[in-house]
Amino acid sequence: MPTKKCTDLSHKHELKKTHVVFIEFDDVVISKLAKDSKYFGEENSQARRLDFDFEYCLGCNLRLLDGKPVMTKGLLDAEFERFVIQAKNNKYVSSEQTTLQHSDFEIIERLIKGALEFGKLKENNSEI
39 MPTKKCTDLS HKHELKKTHV VFIEFDDVVI SKLAKDSKYF GEENSQARRL
89 DFDFEYCLGC NLRLLDGKPV MTKGLLDAEF ERFVIQAKNN KYVSSEQTTL
139 QHSDFEIIER LIKGALEFGK LKENNSEI
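Under the working numbering, the letters of the sequence shown match residues 39 to 166, in that order.
Structure below.
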């Protein structure tokens, strides 16, 4: 498990954890929905789920996804960073589930993979 480091050593981490789940469903074409009342989507969903424990410090930029360093600021603000803001405003959320259309699910999946890679790079650079 990575060590919980930050550049500001003057504080003790005030960690919060939010369990975040993304669930995939079929893409829906609105024009088809208006024409056919039996239309329920493009049937391209693979019924996938992404489950994460997102840990964050309220006093610094420490962010962990399933215990791994992750960069969420600027990449995944709406998906993860908003939990930090809510917790700072005394509106902590312990768990949340979001459904995404198939195409959006694949985009989020790639963004999370990239955010984890950036987090790994950031951690490696801070050790130098």
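Cβ atoms here follow ideal geometry from the backbone N, Cα and C, with glycine treated the same way.
Between L103 and K126, is the Cβ-Cβ spacing less than 8 angstroms?
Contact annotation: L103 and K126 have beta-carbon atoms that are not nearer than 8 angstroms.
Using only the alpha-carbon positions, how far apart do K111 and E155 sit?
14 angstroms
Close beta carbons around F90, own chain, < 6 angstroms, minus the five adjacent residues each side:
Cβ within range, chain order: V58, L103 and D104.
Taking only the alpha-carbon atoms, compute the straight-line gap between L100 and K129 and give it to the nearest angstrom.
19 angstroms
So, are the CB atoms of L88 and F63 less than 8 angstroms apart?
no
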